[in-house]
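When we follow UniProt numbering, the leftmost residue of the sequence shown carries the number 1, and every step to the right adds one. Data block below; observations after.
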Amino acid sequence: MIQLLKAVKVRLYPTPEQELALAKSFGCVRWYWNFALNACIQHYQETGKSLKLATYKGMLPQLKKEYLWLKEDCYSSVLQCVAINLDRAYKNFFKGQAKFPRFKSKHHKQ
């Protein structure tokens, strides 16, 4: 039997204020992804083991104290999803299901 997948595409037309909020949120997400990926790479080079999800999430409170814009510009649930996605990307890499996670660029697809 053929399985059909359905999808709905939605086009958003945000107001200028919403565009600014989205841009700030994307920036925070990209920064935290790159920060956590760099920490993970360094930890792996030093110990030969990958970081746990709890470690990624544990970084957030300290980072929000150091970088106040993380607290102001982005919801915490968004940053926690970054930690979950990075953990999943790392696990998929070690299972051989995906390539190594890459650093995110400001000019890449958001």
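Cβ coordinates follow ideal geometry from the N, Cα and C atoms, glycine included.
Going by the beta-carbon positions, is the gap between residue i and residue j smaller than 7 Å?
| i | j | result |
| --- | --- | --- |
| Lys-64 | Lys-57 | no |
| Phe-94 | Phe-100 | no |
| Cys-40 | Leu-51 | yes |
| Asp-87 | Leu-53 | yes |
Quick check: the Cα distance between residue i and residue j, rounded to an integer number of angstroms?
| i | j | result |
| --- | --- | --- |
| Lys-24 | Thr-47 | 34 Å |
| Thr-15 | His-107 | 22 Å |
| Gln-3 | Ala-98 | 24 Å |
| Ala-89 | Val-82 | 10 Å |
| residue 115 | Leu-12 | No information on residue 115 is available, as it lies outside the stretch 1 to 110 that the chain covers here. |
| His-43 | Asn-34 | 14 Å |
| Glu-66 | Asp-73 | 14 Å |
| Ile-84 | Val-10 | 25 Å |
Comparing alpha-carbon positions, which option in the options lies nearest residue i?
| i | options | result |
| --- | --- | --- |
| Tyr-32 | Lys-9, Glu-19 and Trp-69 | Trp-69 |
Legend entry - Cβ contact (3+ pairs, closer than 8 Å) linking the region 17 to 36 and the region 72 to 87: A contact exists between the region 17 to 36 and the region 72 to 87.
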